[in-house]
């Protein structure tokens, strides 16, 4: 597929007058599109808007599967939001020196969830547990921000309910 920004100045087919289109248009095409199957809108979007590496991990996910969850050297994490459909199980196997020697995942969800799971397993392999902790400290800040926002919204809703009760 070739994705290019197209010229925003087109010509009216009847009057041959120039028509200025707002903003650049992205056009995705295959030189042999007439020979291949018709792509759906999500496929076209994903091929134009996702990085090549993400598309590769979606189309060819690495490390799919499970490790023995009863092993003392295997850690299992299950995260996600079943309501929106994305659920990820990620497992790591750690050797006696604290190095991650294997990682596996099973993800039920969209293409980006599958690709990110595959990328994550590739990234953690070979790293020490302590290194992973230092890299993911920033995620604690993200979780703290989300918790603060949730608390703020809860307080706003409570305040609105108190005001509604006072008016009744």
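In our numbering, the protein residues as written are 1 to 168.
Glycine included, C-beta positions come from ideal geometry on N, C-alpha and C.
Because the structure is a prediction, the values reported are computed rather than measured.
Residue i versus the options, residue with shortest Cα-Cα distance
i           : options              : result
residue 90  : 114, 72, 98 and 96   : 114
residue 100 : 125, 77, 166 and 110 : 125
residue 71  : 53, 85 and 95        : 95
residue 85  : 150, 67 and 108      : 108
residue 102 : 136, 67 and 110      : 67
Endpoints, the beta strand (DSSP E) within which residue i is located
i           : result
residue 89  : 86–94
residue 126 : Taken as a continuous stretch (DSSP letters only), residue 126 belongs to no beta strand (DSSP E), as it is neither H nor E.
Supposed close pair residue i, residue j - CB separation, criterion 8 Å
i          : j           : result
residue 62 : residue 118 : 5 Å
residue 87 : residue 80  : 4 Å
Inter-residue Cα distance where the pair is residue i and residue j
i           : j           : result
residue 144 : residue 121 : 25 Å
residue 51  : residue 57  : 10 Å
residue 159 : residue 106 : 42 Å
residue 64  : residue 163 : 52 Å
residue 128 : residue 161 : 50 Å
residue 69  : residue 104 : 11 Å
residue 93  : residue 74  : 4 Å
residue 55  : residue 167 : 55 Å
residue 60  : residue 130 : 29 Å
residue 133 : residue 123 : 13 Å
residue 200 : residue 165 : A question about residue 200 goes unanswered here, because the residues of the chain that appear run from 1 up to 168.
CB contact check: residue i to chain D, cutoff 7 Å
i           : result
residue 116 : Of the protein chains in the structure, only one exists, and it is not chain D.
Under the three-state DSSP convention, the category residue i falls into
i           : result
residue 109 : coil
residue 66  : coil
residue 104 : strand
Where the alpha helix (DSSP H) containing residue i begins and where it ends
i          : result
residue 99 : Counting along the chain, residue 99 falls outside any alpha helix (DSSP H), and DSSP gives it neither H nor E.
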